[in-house]
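Mind the numbering: the sequence shown is residues -11 to 353 in the numbering used here, read in order. This report concerns only the one structure given below.
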Amino acid sequence: MGKDYYQILGVARNATDEELKKVYRKLALSYHPDRNHGNKEAEEKFKEINEAYSVLGDSEKRARYDRYGTADGGMFDFGFNRNFEDIFGDFFGDIFSGGTGSRRGRKGEDLRYNLEMEFEEAVFGVEKEIEIPKEERCPKCGGTRIEPGFQPVPCPQCNGRGQVRYTQGFFTINRSCESCNGEGYIVKDPCKNCKGRGYIRTKKKIKLTVPPGVDSGSRLKVRGEGAQGPHDTVPGDLFVVLKVKDHPIFDREGDNIFVHADISFPTLCLGGQIKVPTLDGEATIEVAPGTRPEKLYRIKGRGVPKVNGYGRGDQFVHLHVYVPTDLSDKQRQLLEELSKVLNNGEGAARKGFKEKVRDFFEWKE
-11 MGKDYYQILG
-1 VARNATDEEL
9 KKVYRKLALS
19 YHPDRNHGNK
29 EAEEKFKEIN
39 EAYSVLGDSE
49 KRARYDRYGT
59 ADGGMFDFGF
69 NRNFEDIFGD
79 FFGDIFSGGT
89 GSRRGRKGED
99 LRYNLEMEFE
109 EAVFGVEKEI
119 EIPKEERCPK
129 CGGTRIEPGF
139 QPVPCPQCNG
149 RGQVRYTQGF
159 FTINRSCESC
169 NGEGYIVKDP
179 CKNCKGRGYI
189 RTKKKIKLTV
199 PPGVDSGSRL
209 KVRGEGAQGP
219 HDTVPGDLFV
229 VLKVKDHPIF
239 DREGDNIFVH
249 ADISFPTLCL
259 GGQIKVPTLD
269 GEATIEVAPG
279 TRPEKLYRIK
289 GRGVPKVNGY
299 GRGDQFVHLH
309 VYVPTDLSDK
319 QRQLLEELSK
329 VLNNGEGAAR
339 KGFKEKVRDF
349 FEWKE
């Protein structure tokens, strides 16, 4: 019987025309050459699918195939005259048409620019001006690559269409002409200003608005400031990748800020107020008597502004006990006396640590 077309399409022998059409469309999209560049196996499968559907999709050929095992004595007509734009139009656009619409929507390459910025700039936002090397469309030839006053020469390969037709199975596929890169013409008289490239290399200054709350790795997209494509296409986009410098005081984790604050031993024991740095200036923290050195304070709303513009993170303060390294004679004497009081066994039994420290400093006054 030769090839089993029902098996190739994976349908039952009593499959309806609608079922055949649905399965064929799915398989053809999967194995289409434009989705499998350079894949010979997929190309052969695509041809096999077309061959099967060119027979089973035609009622007369299908009847002959079901009866004799072949549609036309073993010879198959792949000039199937159905309107396959109805099947593939939504998926491949103009690929099945005779126009040059396949170039529509193409754009130049995207560019990347690395921008280093200060910690405060990333936190609160900033206006920046950068200068990037880029390719601009040649002002003399308008990107056509042809010296003004001369005419383009139609491409002999595609006859000026910009596309070459390939017949596969029962329909025609249009692909961009490789000889003229889809432009439809050959440049015989190149533009002297751009040397036939269609673009010139230049530098351009671009103003950026960096929003508050960005961090290292954040990307800003500037539309239309990428590389210039062919003359009838739009430029690509510019992506600015940010790298934020470290801060000597603040550490950042997401939208939160962390800072260490010095505190004296007496204040830690007796309580009091300390001033700590924040992104907005100094803030005052109330330290309760008997606070442990590892205490972590939280100041709500003093962190980094959120990129979406709603609220801010928090600031966390780690207390760090300040230990003097160069003591005066009086300081040493006082600390020695305090040490004796704290190490007095009888006193420890009668009073708590906090009370003993308070008594010591009050006695000294």
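Every residue gets a Cβ at the ideal spot worked out from N, C-alpha and C, and that includes glycine. It should be emphasised that the depicted structure is a prediction, and the values quoted were computed from it without experimental measurement.
In this structure R290 is in contact with L267, their Cβ atoms being roughly 6 angstroms apart against a cut-off of 8 angstroms.
About 5 angstroms separates the beta carbons of I188 and C126, which is inside the 8 angstroms limit, making them a contact pair. Under DSSP, H308 shares a beta bridge with D250. For L196, the enclosing beta strand (DSSP E) covers residues Y187 to V198.
With a cutoff of 8 angstroms on beta-carbon distance, P136 and K128 are scored as near each other. Taking C-beta atoms as the reference points, G172 and R149 count as a pair closer than 8 angstroms.
Boundaries of the alpha helix (DSSP H) around R13: D5 to Y19. It is roughly 40 angstroms from the alpha-carbon of C179 to the alpha-carbon of E31. Classified as buried, L99 has 16 or more neighbouring CB atoms from the shown chains inside 10 Å of its CB.
Of the residues E213, T255, N147 and T190, the one whose Cα lies closest to the Cα of T279 is T255. With contacts defined as CB atoms closer than 8 angstroms, D243 and V210 fail to qualify as a contacting pair. With respect to V264, A249 sits close: the two C-beta atoms are nearer than 8 angstroms. Per DSSP, reduced to three states, the secondary structure at F107 is helical. A direct Cα-to-Cα measurement between T132 and H25 gives close to 29 angstroms.
Within the model, the alpha-carbon separation for E104 versus D302 is close to 25 angstroms. Burial state of E109 is buried, judged by a 10 Å Cβ sphere holding 16 or more other Cβ atoms. The beta carbons of K122 and T190 sit closer together than 8 angstroms. Per DSSP, A215 lies in no alpha helix (DSSP H) segment and is marked neither H nor E. Annotation for A271: the continuous beta strand (DSSP E) segment containing it runs G269 to V275. Counting along the chain, R320 sits inside no beta strand (DSSP E); it lies in the alpha helix (DSSP H) bounded by residues D317 to L330.
Distances from the CA of K(-9) to each of Q321, K33 and Q151 were compared; the closest alpha carbon is that of K33.
Comparing alpha carbon positions, the residue from P21, R1 and L226 closest to A40 is R1.
The residues Y41, in chain order, have a CB closer than 6 angstroms to that of Y12 in the same chain once the five nearest residues on each side in sequence are set aside.
Of all alpha-carbon atoms in E97, D46, Y(-7) and G(-2), the one lying nearest the alpha-carbon of Q216 is that of E97. The shortest C-alpha to C-alpha distance from F107 to any of L230, R163, G130 and N147 is the one to L230.
With contacts defined as CB atoms closer than 8 angstroms, L330 and I251 fail to qualify as a contacting pair. For V(-1) and R52, the gap between their C-alpha atoms comes out near 18 angstroms. In the DSSP annotation of this structure, Q(-5) is not part of any beta strand (DSSP E); the continuous alpha helix (DSSP H) holding it starts and ends at Y(-7) to L(-3).
Scanning its chain for C-beta atoms nearer than 6 angstroms, with the 5 sequence neighbours on each side dropped, one finds around K288 the residues D302, in chain order.
N181 carries a coil assignment under DSSP once its states are collapsed to helix, strand and coil. With respect to L17, L8 sits apart: the two C-beta atoms are not nearer than 8 angstroms.
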